[in-house]
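Undergrad:
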Amino acid sequence: MMNLGDVKGDLMDQTIKDHGLAKIKVAVEFGGYCGYSAVRLGNVLPASSKIYTVESTQRFADAQAEILDHAGLQDRVEQVRCYSGEFIQKMIDENIKADLVFMDHHTSCYTEDIQMMLKHKLLSPDCLIIADNVLFPGAPEYKKWMAEQEGLLFTNWVIDACVEYRPDLPDELYCSKYIGADKTVVFVKV
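Mapping the sequence shown onto the working numbering, position 127 (from 1) lands on 127, and the numbers just tick up by one.
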């Protein structure tokens, strides 16, 4: 299974609660798969929050739609069937600013996606970013770039975990709080 899993799910839920639920009006999930983490977000976030779940694979999005409907979240969770870059363009076009970003799609896209969101000022002040699978299968470029931004654009911390349903295989949630809302950002292609 490619979902967040119960152990990392609990860790994500607690991180969101610790961040302050009232701060989160708009949440964006990249990599919706079958809807597991979207349901978790729908259960932990305030009823007034809007959740966008972005999934590019049609069959996964179809399964996700059924699960969201069954969970009664179809009014709070908007499914967007496209790639992350296409959704970021929608955010630009519609001036959507995220208070929470959960990245669980192709790890090779993490750095570019966050940089694009920064470039277009799509992260609200104090935006919480949670990236899954940064140790396995791995997102070394993302971790390196985010670490370089420590204290400038982000405050970062790592939550040790394991791959979903595999306690023998270490993984991490890489968490960040956006602190650089008033700074000009210059990017170097990684």
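C-beta: ideal position from N, C-alpha, C; glycine also.
Here the structure is a predicted model, which means the values were calculated and not measured.
Give, in chain order, every unbroken run of the beta strand (DSSP E) that is at least 3 residues long and sits entirely within the region 139 to 178.
TA: With a minimum length of 3 residues, the continuous beta strand (DSSP E) runs that stay inside the region 139 to 178 are 154 to 163, 166 to 178.
Undergrad: Within a Cβ cutoff of 7 Å, which residues of the same chain sit near Val-163, ignoring the five residues on either side of it in sequence?
TA: The answer, listed in chain order, is Phe-136, Leu-169, Asp-171.
Undergrad: Using DSSP bridges, identify the partner residues of Tyr-52.
TA: DSSP output for Tyr-52 lists Val-28, Glu-78 as bridge partner(s).
Undergrad: Can you check whether the CB of Ala-71 is closer than 8 Å to the CB of Val-39?
TA: Yes, they are a contact pair.
Undergrad: Classify Gly-42 as buried or exposed, calling it buried when 16 or more other Cβ atoms lie within 10 Å of its own Cβ.
TA: Gly-42 should be labelled buried.
Undergrad: For Ile-130, which beta-bridge partners are listed by DSSP?
TA: Looking at the DSSP assignment, Ile-130 forms a beta bridge with Phe-102, Cys-175.
Undergrad: Considering Cα atoms alone, identify which of Ile-24, Tyr-52, Ala-47, Lys-25 is closest to Ser-37.
TA: For Ser-37, the nearest C-alpha among the options comes from Tyr-52.
Undergrad: Report buried or exposed for Lys-17, applying the criterion of at least 16 other Cβ atoms within 10 angstroms of its Cβ.
TA: That one is exposed.
Undergrad: Alpha carbon to alpha carbon, what distance is there between Leu-173 and Asp-13?
TA: Whole-angstrom Cα-Cα distance: 12 Å.
Undergrad: Can you give the Cα-Cα distance for Gln-149 and His-106, rounded to whole angstroms?
TA: Distance between the alpha carbons of Gln-149 and His-106 is about 21 Å.
Undergrad: Which class does Leu-68 belong to by DSSP, given the choice of helix, strand or coil?
TA: Three-state DSSP puts Leu-68 in a helix.
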